[in-house]
Structures are given as C-alpha cells and as structure tokens.
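The number in this note's numbering is simply the position in the sequence shown, starting from 1, with 105 added.
For every residue, glycine included, the Cβ atom is placed at its ideal position computed from N, Cα and C.
Just so it is clear, the structure is predicted and the values come from calculations on it, not from any experiment.
See below for the structure under consideration.
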Amino acid sequence: MGYRNLKACLLDLERNGRLLRVDDEVDADLEAAEIHRRVFRSQGPALWFTRVRNCRFSMASNLFGTLDRVHFMFRDTLETVRRAIELKVDPSCGWKRPLRYWKMPWLASRLLPRRCRGGAVLRHETSIDQLPQIRSWPKDGGGYVLLPLVYSEDADAPGLMKSNLGMYRVQLSGGRYERNREIGLHYQIHRGIGVHHSKAMRQGAPFRVNVYVGGSPAMMLAAVMPLPEGLSELMFAGALAGHRIPMIDRRKRKSMRAGDELPIYAEADFCITGTVVDHKLLPEGPFGDHLGYYSLAHDFPVLRVDRVYHREEAIWPFTIVGRPPQEDSRFGEFIHDLTGPVVPTVVPGVHGVHAVDASGVHPLLLAIGSERYTPYREQRRPAELLTQANAILGQGQLSLAKYLLIVDRGDDPRLDVADVAGFLRHLLLRVDWSRDLHFQTCTTIDTLDYTGSSLNEGSKLVVAAVGPPRRELPGELPAGLCLPAGFSEPRICRPGILAVSGPACTSQRTSAPQAAAAPHVDRIENAVEKFCAGFNARDAINEFPLIVIVDDSEFAARSLDNFLWVVFTRSDPAADVYGIESFIQNKHYGCRGSLVIDARMKPHHAPPLVEDPAVTRRVDAIAARGGPLAKYL
C-alpha cells in the first residue's frame with residue numbers, strides 16, 4: 106500500500122502508461138530542463154532519463170506534472186487522509202457517521218516514524234561532483250538539488266517528532282563553494298529550519314542538516330505542506346505513503362543532545378550529511394525561480410559536507426520552476442485541495458483563500474470573508490473583513506502575500522475564490538478607492554520578490570470591498586481618449602481594467618532609510634504621478650476603476666495570466682500604487698478617480714527568465730527525429 110521508494114513509483118507509473126523512459130543521452134545542464142518544460146506544457150507523462158551525460162545516475166522528473174497523476178500516485182491513501190482532515194474540521198463527524206471514518210485508527214498507526222538500524226541508502230558513497238548538476242536557466246549560478254528534502258532538528262528538543270523537513274533549494278556547485286566540501290542552503294527567514302538554526306546558534310551547538318533526495322513521493326509532498334510549527338512532516342508523509350517512514354537513527358533516546366548525528370531516511374535514493382558552518386555565509390545563486398525571474402546572488406548559510414550516501418541504482422528526481430504554471434503549480438493545487446476545508450477553522454469567518462498561481466503565488470492572494478459587523482446594508486463598509494485580512498496575513502506562508510484582495514460572501518454567495526476573473530469583476534464593481542485601500546509599509550516580503558527596496562523589504566496592500574455594485578465596468582475604450590505624452594497603446598485587459606504602455610523606467614529606487622538620509626533623492630521617477638495629474642476624477646478614463654502602466658500593453662492584455670504576472674510581480678504597493686485625484690487624510694491614502702498601478706520593469710528588478718537559444722535548437726532537433734518523446738516536444 107503506497108510506494109516505499111522512488112523506483113517502485115516510477116515502475117508503477119510506467120506499467121500504467123503514465124511515464125516515458127528517455128533512453129537518448131540528455132545533458133543535465135539546461136537540456137533536461139527544457140525537455141521537462143515542454144512535456145509539462147503538453148500535459149505529458151512523467152519522465153525517466155536513463156542516460157545522463159557525464160553522470161552515472163539516472164534522473165526522473167514531471168512526477169507531479171498533472172493533478173490526475175498526483176491523485177493516481179496516492180490512490181490508496183488519499184481518501185483516508187481527506188477524511189482525517191474532515192474530522193479536523195468537524196470532530197462530531199466521527200460519531201455522526203462512524204462507518205465513514207472506521208479506518209482512522211489504522212491511519213494513526215502510520216503517523217509515527219519507524220526507527221531502524223540500517224537501510225538501502227547506506228549501500229554506497231559518492232561525492233558531490235558525481236551527482237547530476239542540473240541547471241534550469243542559462244544564468245543559474247551552478248548545479249542545484251531541485252527536489253531536496255532538507256532535514257533538521259530542534260536543539261531544545263532533538264528527535265524525530267520535533268524535526269523539520271522542508272524543500273529549501275540547495276546549490277551543489279559554482280560560486281565560491283569549496284568543491285565537494287561545501288554546498289549552499291537557501292531558506293527564508295520564516296521557515297522551520299530557520300527556527301532550528303537560531304536555537305542551535307543560541308546554544309552554541311553544531312547545527313547538523315541532512316539533505317535527502319528521492320524516496321517515496323509522499324516525502325516530497327510532505328516537505329512542501331504548510332503544517333503547523335512543531336508538527337513533524339514525517340507524520341504527514343506516513344499518512345500519505347500508507348506506511349511508517351523508516352528513519353535510520355542509532356542514537357539512544359535518553360542521551361540525545363543538540364549536535365548529534367541526525368537520522369537518515371532509509372528509503373532515500375541519496376543522502377548528503379553535514380554541518381552548517383558557524384557564521385559563514387557565501388553568495389548563493391543566481392537561480393531562475395518560480396516568479397518567472399532570477400533570484401540574484403545573496404549571502405546564505407553554507408553546509409560543510411561530511412558524507413554523500415546513495416542506494417543501488419539510485420535515481421535523482423528533479424523539478425523545474427519558472428514563470429507559472431510549472432510543475433510546482435500542481436503542488437499548490439494539491440495542497441489547496443487538501444487543506445482548503447481547514448481554512449475556516451483557522452480564521453473564523455473566512456470561507457476561502459486562493460493564492461493566485463499565475464501571479465507567482467505569493468504576490469496576489471484572494472479571499473472571501475464574512476462582513477457581519479454592520480447589520481444595515483445602507484451603512485455597510487469594510488469592518489470584519491479587515492480583521493480577517495490581518496488574521497490571514499498572520500498565517501505561515503500566507504504572510505508572504507503582497508496584495509490581499511478580500512470581499513464579502515454575502516454580496517454573492519455563488520462567488521468562487523478560485524475564479525480569478527470573476528473575483529476581480531466582483532471586487533471592481535464594488536470597490537471604493539477613497540476608502541478601501543489599506544497599506545502596510547516597511548515590512549517583510551518574499552525573499553524571491555525584487556519589487557521592494559531591498560532583500561525581504563517591501564510593503565503590502567489589503568483591498569477590502571463590500572456592498573452593492575457602484576459602477577458598470579466598460580469593455581470598450583471611451584471616445585476621444587487622450588493620454589499624456591509618453592503614454593500610448595491603451596488596451597483593455599478585462600472589463601474595467603485598462604493597460605497603458607508607459608515610458609521605460611530608468612531611475613533607481615532607494616530604501617526607506619536611504620530616503621530618510623537623502624530626502625532630496627526621488628525614490629522613483631514621477632512619470633506615473635504626471636500621468637495621474639493629467640486627469641481629474643470626472644474624466645472618461647475613470648470609467649476604468651483600475652489602470653495599469655506597463656512596458657507592453659499588448660502583452661499585458663493578451664491574456665489574464667499575462668496581466669496577473671506583469672502587474673503583481675512588477676509592483677510594490679507602497680511605491681507603485683497611485684491614483685487620480687489621490688489624497689492622504691489622517692494618514693489614510695485614497696483616490697477619488699481610478700487606481701493606477703505602475704507595473705513597469707524597474708532598474709532594481711531581477712531579470713526575467715529566457716531560455717538558451719542553442720539548447721532550444723537541440724531540443725527542437727530531438728523533436729524532429731520523432732519517437733515517443735517527440736509528440737510532447
């Protein structure tokens with residue numbers, strides 16, 4: 106029941122026509138990534154690359170490329186996990202419908218990881234340079250582990266049950282790392298491993314980390330699940346895998362202490378063991394990331410490698426990230442499918458939350474709440490929605506949201522939070538820009554988001570809209586629309602949303618401390634302010650409640666996904682949101698006319714991801730040769 110290891114999964118997928126072996130020699134440097142991207146876009150099968158250039162290990166990818174394949178892989182356990190979540194939402198279901206939940210005791214028996222003395226992963230040893238050195242994009246700084254299972258323990262309470270298993274990218278080569286002795290760990294400040302690292306530093310204890318690669322696909326999903334802090338991912342993995350996760354742990358429980366050698370996942374294909382070097386940081390990156398841009402080189406912790414273990418015929422799984430949708434989008438869909446029903450139990454009054462994949466997930470969050478504070482409809486204004494918005498922004502990875510748009514379920518009980526186009530229409534019909542904009546400035550944002558003034562520094566904007574429709578949303582340009590000099594090509598993205606091509610942005614943004622030290626230096630050029638000043642709230646352009654200034658309006662208006670990607674990955678709310686007839690009253694910002702978002706590329710932004718032309722030609726040649734792979738390329 107469930108897969109014990111990666112090879113068992115691949116063979117099962119192959120038997121059922123859901124995996125394709127690629128026996129042609131493939132280069133881990135860029136070529137495998139481009140093949141993966143094309144097969145994913147074609148909704149093709151999982152891939153097993155059996156011949157990797159200059160490497161003796163095979164590779165597998167696109168395991169999670171379709172939601173149907175994810176459900177197939179966990180067909181034996183998924184329904185039981187769903188029912189466990191139902192009990193979490195409403196424990197009374199257990200006695201109301203006991204036959205539905207009769208398997209719960211068996212599920213509970215799989216949660217605890219199983220300690221063992223040995224395992225297949227310890228069969229052989231190798232070195233870092235013998236591992237597949239996968240680069241996804243031309244400017245990537247080296248080879249990366251792209252489905253890493255990074256294991257750490259709590260120095261205050263070492264042991265399996267307080268452990269953290271996270272998917273934090275690992276740089277194997279390039280940069281200034283000592284060959285075969287050092288690798289880079291990239292993790293964000295709010296992650297579980299960061300908490301563990303801080304505790305080890307306070308104790309002055311060695312901070313040991315193991316990196317597992319491969320094993321049961323359940324471990325890969327567990328590593329990205331947004332579980333509560335202190336709840337081990339090994340427990341969730343056991344439930345989804347259908348068996349207790351075997352961990353090689355030779356420590357005596359009573360004598361365990363911080364800095365001891367960590368357990369090793371027995372069914373992993375590879376395991377890299379090591380210790381984070383005290384107070385040593387080295388540039389990690391660049392790396393083509395899930396927002397569709399490079400995350401640039403920044404100082405991150407260094408893992409001093411002790412050993413690299415691998416099992417017989419080990420297989421190296423990987424994924425590729427980039428502008429959504431990519432394979433990691435399916436991770437998000439699966440997680441939302443499982444955890445969506447839990448949201449109302451965590452934040453009372455919230456009926457649904459949706460992280461918009463096309464915008465890079467974290468930049469844009471949609472939510473449907475309940476506005477119950479004001480019982481008289483003629484007096485309704487956002488109240489409880491703001492309480493719920495603050496609660497949402499305090500929940501784990503939801504705290505990374507940059508734009509949070511929240512509406513009241515009572516205004517349209519049929520509204521689906523995952524229907525992005527319908528949600529935007531609903532909000533734009535009702536929003537009052539003079540009242541409904543709520544900024545958080547000088548705060549933390551996603552490490553991978555470069556729209557702020559420096560790493561991890563930016564702002565957030567909550568837009569809360571309630572009440573009956575207050576306007577019609579135009580689908581045509583107003584007659585005689587005249588734009589200020591330098592602005593051109595107005596295009597309608599969606600009803601009520603106008604994209605305008607603006608002049609290239611050339612001035613550099615400064616951080617808030619820099620601006621305070623040098624107040625005479627503008628944070629950004631004022632071209633968009635001049636655009637707004639060219640209109641008043643009575644002009645016809647205000648029929649469009651939302652105007653976006655972009656580099657290429659035709660591209661932004663070509664599809665909803667383009668609009669979402671351009672606008673929300675290229676703007677920082679506090680710096681890039683303007684308005685026609687804007688005002689500040691009691692430190693509240695609003696505008697009487699249209700809201701205007703400056704979504705042009707800025708000089709401080711990271712460059713977008715572009716494929717290597719030579720590699721594209723090589724993959725085109727593979728497609729031209731024909732064969733089973735060709736139809737997906």
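With H, G and I counted as helix, E and B as strand and the rest as coil, what does DSSP make of residue i?
| i | result |
| --- | --- |
| residue 350 | coil |
| residue 562 | strand |
| residue 152 | strand |
| residue 685 | coil |
| residue 434 | helix |
| residue 515 | helix |
| residue 421 | strand |
| residue 504 | helix |
| residue 492 | helix |
| residue 214 | helix |
| residue 408 | strand |
| residue 251 | coil |
| residue 694 | strand |
| residue 713 | strand |
| residue 235 | helix |
| residue 531 | helix |
| residue 629 | Bear in mind that a pLDDT of 48 at residue 629, under 50, signals an unreliable position, so the model cannot answer this. |
| residue 395 | coil |
| residue 721 | helix |
| residue 522 | coil |
| residue 611 | coil |
| residue 643 | coil |
| residue 672 | helix |
For residue i, list the residues DSSP reports as bridge partners.
| i | result |
| --- | --- |
| residue 706 | In DSSP, residue 706 forms no bridge with anything. |
| residue 369 | 353 |
| residue 605 | 654 |
| residue 414 | 230 and 376 |
| residue 389 | 403 |
| residue 474 | 513 |
| residue 567 | 509 and 543 |
| residue 126 | 153 |
| residue 273 | Answer is none; residue 273 lacks a bridge partner. |
| residue 460 | 470 |
| residue 597 | 603 |
| residue 220 | 352 |
| residue 701 | 652 and 683 |
| residue 381 | 312 and 408 |
| residue 548 | 563 |
Would residue i be called buried (16 or more neighbouring beta carbons within 10 Å of its own) or exposed?
| i | result |
| --- | --- |
| residue 556 | buried |
| residue 611 | exposed |
| residue 165 | buried |
| residue 677 | buried |
| residue 689 | exposed |
| residue 146 | exposed |
| residue 679 | buried |
| residue 577 | exposed |
| residue 176 | exposed |
| residue 707 | buried |
| residue 601 | buried |
| residue 139 | buried |
| residue 357 | exposed |
| residue 315 | buried |
| residue 262 | exposed |
| residue 148 | exposed |
| residue 112 | buried |
| residue 513 | buried |
| residue 669 | buried |
| residue 565 | buried |
| residue 693 | exposed |
| residue 246 | buried |
| residue 487 | buried |
| residue 674 | buried |
So residue i packs on residue j, CB below 8 Å; how close in whole Å?
| i | j | result |
| --- | --- | --- |
| residue 508 | residue 387 | That belief does not hold up - the Cβ atoms of residue 508 and residue 387 are roughly 33 Å apart, past 8 Å. |
| residue 222 | residue 353 | 7 Å |
| residue 280 | residue 389 | 7 Å |
| residue 153 | residue 126 | 5 Å |
| residue 737 | residue 109 | Actually they do not touch by this definition, with Cβ atoms about 29 Å apart. |
| residue 325 | residue 265 | Incorrect: roughly 18 Å between the Cβ atoms, too far for contact. |
| residue 473 | residue 522 | 5 Å |
| residue 422 | residue 271 | With 8 Å as the limit, residue 422 and residue 271 do not qualify as a contact, their Cβ atoms being about 16 Å apart. |
Length-filtered (3 minimum) beta strand (DSSP E) runs lying within the region 282-350: 287-290 and 312-318
Going along the chain, which unbroken runs of the beta strand (DSSP E) with 3 or more residues stay wholly within the region 131-175? 151-154 and 163-166
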